[in-house]
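Single-structure report; data block below.
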Amino acid sequence: MSDPITQPSTEAPPVARRRTTPSILPLSLEGVCFDARGKRLIHDLTFTLDAGPRTIILGPNGAGKSLTLRLCHGLLTPVGGHVAWEGAAPGADPLKHQAMVFQRPVLLRRTVAQNIDYALKLHDVARRDRPALIEDVLNRTGLARFAKSPARHLSGGEQQKLALARAWATKPEVLFLDEPTASLDPAATHAVENIIQTMHGEGTRIVMTTHDLAQARRLADEIMFLHKGHLMEKTPADEFFDAPRSGEAAAFLKGELRW
Amino acid sequence: MNDISAAFVTALHLLVTFDQNLVEIVGLSLRVSLSAVALAVVIGLPVGAALALFKFPGRNGLIVFLNALMGLPPVVVGLVVYLLLSRAGPLGVLGLLFTPTAMIIAQAILVTPIVAALTRQVVADLWVEYSEQMRSMGAGPLSAIPALLYDARFTLVTAVLAGFGRASAEVGAVMIVGGNIDHVTRTMTTAIALEVSKGDLALALGLGIVLIGISLAINAATYTVKQRAEAAWA
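So the sequence lines, in the order shown, correspond to chains V and Z.
So the first sequence is residues 1 to 259, counted in my numbering.
So the second sequence is residues 1 to 234, counted in my numbering.
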């Protein structure tokens, strides 16, 4: 892996391009319910996500934010209702156009570069095309100097950046992030947010959970507020922070939500 | 007491002079046990991983059965393989009875359940941590198996070692299917059994020392490699 400082790239970076493939969006959920151990955790979730805005899913602990992401991404199967990628071509696998970054990144016990290589292999990227993509995302996430380091030796913030780089390399149309900065320090949080913003700028649809209100204000175009497994509102961010529609959201913003 | 110390001195002499007979027995033992372990690894790793990842009817029963097979009595395995390979048996035409190949088959049957059962446990534990990430990246259980086995490599070394320990130490199965024929199927364990019953303690002691030495050396080498590799990767 070459050093980005000594070898400035003159070509357009392979990942830096707006999406041109047909969209799998909109994503629509209709009457989606989810139970665990006989208890209903998600109630009648109905909404549509179109291309464009950054959606932040807000809510107190136990509101069902992570479950909602997993239901959207297909990691969980709803017990009722359905989840549909309406733009997906018949027979195509919508999962190939999505990625998810978890609160605690799961990195393989290999080098940083090999972690990305593995994701690209799963996305059927030809072996000869992978090194350029890997180098590009490592440069853009500031991880190039760690390319040959064991991934699990990175710091928490660097591991999360690698998880983002791994997702980025596969050029997802939709990126789900489950509290990606919950266990990071402010500097790492800032770096992760920058990467998210850049990916958004390049056309990746961002859907992210957080319970950090300041972060939601920084990143959100649109807020989905969940409370006890119910979607209370789906509101443009400015409007949400000025005048939330639901009483629960108002209480949450004031820090007085009882749960 | 004098007999024993005399036997010990003779044993050391056999070792130091690389006694032809002793070297031959050690060589055959290693060949049989290592081949059996290699076979067990080829079969046991994927089977264990598949049992960890795939859900199907009867899976729990199969896991209990596999775990029970870890304690298979060697003489029973020897007897079954003997019946299969004997002239009158279904595989008698192969003419394998009383050959090293028969011994490799018997030991592989003993070792495979150990490798498979331990692999299943290791991979199942790893899958708890990995499954969401792997599925998110589009890896189903089948395509995840090689990656999981690779990531579990340091722990799996212990499973393979356990298998080798079982193979190199067992005497019942190789005795029955090999027959302990001098220069053909005589291994360290069968030779020790025979020499002790004949009263020739020197060769038995010498072989015993080699057997323990090999076991110690392999375990020490593996432990060192595992420690270093784990420090570098985990």
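Every residue, glycine too, gets a C-beta built ideally from N, C-alpha and C.
This one's a predicted model, so the numbers in the text were calculated from it and none came from an experiment.
Under the three-state reduction of DSSP, V/Ala-51 is assigned to coil, being neither helix nor strand.
Each residue's CA atom was taken as its position, placing Z/Thr-112 and V/Gly-255 some 59 angstroms apart. Close CB contacts of V/Lys-148 within its chain, under the 6 angstroms cut and outside five residues either way in sequence, are with Thr-111 (chain order). The stretch 116-133 of chain Z makes contact with the stretch 153-160 of chain Z; the number of CB pairs closer than 8 angstroms reaches 3 or more. Just measuring C-alpha positions, the residue of Z/Ser-215, Z/Leu-83, Z/Leu-85 sitting nearest Z/Ala-167 is Z/Ser-215.
Contact between Z/Ala-193 and Z/Val-171 holds, with the beta-carbon distance rounding to 6 angstroms and staying under 8 angstroms. Apart from sequence neighbours up to five positions away, the residues of its chain that approach Z/Leu-91 with a beta-carbon distance below 6 angstroms are Leu-84, Leu-85, ordered along the chain. Z/Val-37 sits buried, since 16 or more C-beta atoms from the chains shown fall within 10 Å of its C-beta.
In terms of Cα proximity to V/Leu-231, the closest of V/Ser-23, V/Val-32, V/Pro-22 is V/Val-32. Excluding residues up to 5 positions away in sequence, Val-101, Pro-105 lie with their Cβ nearer than 6 angstroms to the Cβ of V/Ala-163 in the same chain. One alpha carbon belongs to Z/Ala-204, the other to V/Ile-134, and they sit about 60 angstroms apart.
By the CB criterion at 9 angstroms, Z/Ala-144 and Z/Leu-45 fall outside the cutoff. Short of 7 angstroms from the beta carbon of V/Phe-34, and not among the five residues preceding or following it, lie these beta carbons of its own chain, in chain order: Leu-41, Ile-42, Leu-67, Leu-71, Leu-76, Pro-78, Val-79. Contacts between V/Arg-109 and chain Z, judged by CB atoms closer than 9 angstroms, involve Tyr-150, Asp-151, Ala-152, Arg-153, Phe-154, Trp-233, Ala-234 in chain order. Chain-ordered, the chain Z residues with CB closer than 8 angstroms to the CB of V/Lys-96 read Gly-138. A straight line joining the alpha-carbon of Z/Val-196 with that of Z/Leu-39 spans about 31 angstroms. By the rule that beta-carbons nearer than 9 angstroms mark a contact, V/Leu-143 does not touch chain Z.
In the DSSP assignment, V/Leu-29 is bridged to V/Phe-47, V/Val-83. Within the stretch 199-223 of chain V, no residue places its CB atom closer than 8 angstroms to a CB of chain Z. Judged by beta-carbon spacing, V/Ile-195 lies beyond the 9 angstroms limit of V/Met-208, meaning their Cβ atoms are not closer than that value. At a beta-carbon threshold of 7 angstroms, the residues of chain V lying near Z/Arg-135 are Leu-75, ordered along the chain. Taking 9 angstroms as the CB threshold, V/Asp-93 lines the interface with chain Z. Under a 10 Å Cβ-count criterion, V/Lys-65 is classified as buried, with 16 or more other Cβ atoms of the shown protein chains found around its own Cβ. Taking a 10 Å sphere around the C-beta of V/Arg-205, we find 16 or more other C-beta atoms and assign the residue as buried. A direct Cα-to-Cα measurement between Z/Tyr-82 and Z/Met-134 gives close to 45 angstroms.
Chain-order list of chain Z residues neighbouring V/Leu-138: empty, with the shortest C-beta distance near 18 angstroms, by a criterion of under 8 angstroms. Secondary structure of V/Met-208 (DSSP, three-state): strand. Ranked by Cα distance from Z/Ile-105, the first of Z/Met-175, Z/Trp-127, Z/Ala-49 is Z/Met-175. Buried is the label assigned to V/Thr-55, since at least 16 other Cβ atoms lie within 10 Å of its Cβ. Contact of Z/Ala-49 with chain V is not assigned, every C-beta pair being separated by 9 angstroms or more.
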